[in-house]
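S.K.: Under my numbering, the first residue of the sequence shown is numbered 1, with each subsequent residue one higher.
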Amino acid sequence: MLITEYVFEIYPNKNLMTIIKNITYFALIMLVFLRSATPSETNQEFNLAEIAKNNYVHTGNHVSIEDVGNDDIANIGFIVGNNCVAVIDTGGSIKTGKKLKNSIREITNKPICYVINTHVHFDHILGNKAFLDENPNFVGHKDLAEAINRNRDFFLTQFKNNLGLKAKASDIIGPNILIEESTELELGGRTLTLIPFSISHSHSDLIVIDNKTKTLWAGDLIFKERIPSLTGSLKGWIKTIDKIKKLDVQKVIPGHGGIAKSLAEALKQQQDYFKLLLNQTRKAIAEGTFINEAMENIDKDNQLKWLLHDYQHSTNVSKAYTELEWE
Ligand SMILES: [Zn+2]
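Take a look at the structure:
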């Protein structure tokens, strides 16, 4: 049925002007409906979801850091307040950072006041440069600036493709605001609480709580589905998780893996893994098992069904072993 026939059918006795008016309204309504029903191509491609009011997450893919696509493996996103926007992690390349920025600009024109990095690893920070022209404050753990300085050359050689062949050390952007203790950032009608931790997953871990929606951005202190990578301290990480468990939050965005509806759901797989790693590594050390043997035998069959277990698990055992043998 044509729009005009449709209008005549519902308004058979109206005069011509009313009919034209109604056709215009109808067309406008259809236009608004079609626009909202079909998300813009960029956001659709970039797989962006509003998981709580004005709190948007792009979920990373589970490929190893040596594979193509390693620049888009972490969960990254942003929170929109009345006055401005805070970005949380920027992805593992300038290209991913730009995609995130473009997706923000499709949703709001408010200034980006903060770019917060949850820790030093490349998959969370190399996209920072894409936000430079927005003039935000770059925010991170008190030890993040130093950690980035230590890693600049490594990032430049190891992740050349992610930064561009002509990349310079100055393209890796560190924080200008360093967080030493629990700190609030104001976005206008919306406060974020940032909490830094001592050595856990890394040496520069920080979480972000969106107080309005009780949403926790956990960074890599929480992994789901994808196996955790232990680069800091197993015992430190377990202590940090005990503190995180006391927080009053609902939804949880892990650094890698699906969004969880509660802390208990977010932590289940990782807690079981840490228990296994701690107990079995301690046992191996007590029995005089050599590190190579421990790396080969502990949790050989991937009891918790982690993704990328073959790729990461034995490195975790080795890290745990060298930490626990001095107990
Ligand atoms: Zn990560």
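Glycine included, every Cβ here is placed at the ideal spot set by N, Cα and C.
Quick one, which of E265, A218 and H201 has its alpha-carbon nearest S229's?
M.R.: Cα-wise, what sits closest to S229 is H201.
S.K.: State yes or no: is the C-beta of A49 within less than 8 Å of the C-beta of K251?
M.R.: For A49 and K251, no; Cβs fall outside 8 Å.
S.K.: Can you tell me where the alpha helix (DSSP H) holding A260 begins and where it ends?
M.R.: Per DSSP, A260 belongs to no alpha helix (DSSP H) and is neither H nor E.
S.K.: Can you name, in chain order, every residue of its own chain whose Cβ lies under 6 Å from the Cβ of F290, other than the five neighbours on each side?
M.R.: Nothing meets the Cβ criterion.
S.K.: With 16 other CB atoms within 10 Å as the buried threshold, where does W337 fall?
M.R.: Any property of residue 337 remains undetermined from this structure, which presents the chain solely from 1 to 327.
S.K.: Got a sec, what are the start and stop residues for the beta strand (DSSP E) N137 sits in?
M.R.: That run of the beta strand (DSSP E) goes N137 to H141.
S.K.: Taking just the CA atoms, how far does Q303 sit from E345?
M.R.: No answer is possible for residue 345: it lies beyond the span of the chain, which begins at 1 and ends at 327.
S.K.: Just checking H124 against ligand 1 - is the residue's beta carbon closer than 7 Å to any of the ligand's heavy atoms?
M.R.: Because some heavy atom of ligand 1 lies under 7 Å away, the Cβ of H124 counts as near it: yes.
S.K.: Can you say whether S262 is buried or exposed, counting buried as having 16 or more other CB atoms within 10 angstroms of its CB?
M.R.: Under this definition S262 is an exposed residue.
S.K.: Regarding H141 and ligand 1, is the C-beta to nearest heavy atom distance less than 7 Å?
M.R.: No; taking the cut-off as 7 Å, the Cβ of H141 has no heavy atom of ligand 1 nearer than that.
S.K.: From G189, S182, H119 and A294, pick the residue whose C-alpha is nearest to that of K243; which is it?
M.R.: Among G189, S182, H119 and A294, the Cα nearest to that of K243 belongs to S182.
S.K.: For G255, verify whether its CB is less than 7 Å away from any heavy atom of ligand 1.
M.R.: Checking the Cβ of G255 against ligand 1 gives yes.
S.K.: Any heavy atom of ligand 1 closer than 7 Å to the Cβ of D67?
M.R.: False, no ligand heavy atom lies under 7 Å from that Cβ.
S.K.: Grouping DSSP H, G and I as helix and E and B as strand, with all else coil, what is D210?
M.R.: D210 falls in the strand class under three-state DSSP.
S.K.: Looking at H58: is its Cβ nearer than 8 Å to the Cβ of I73?
M.R.: For H58 and I73, no; Cβs fall outside 8 Å.
S.K.: Taking only runs of the alpha helix (DSSP H) that begin and end inside the region 73-134, which ones reach a length of at least 4 residues, in chain order?
M.R.: Listed in chain order, the complete alpha helix (DSSP H) runs (minimum 4 residues) inside the region 73-134 are 94-105 and 122-125.
S.K.: Quick one: Cα of G219 to Cα of Y114, how far?
M.R.: Looking at the two C-alpha atoms, the distance is approximately 16 Å.
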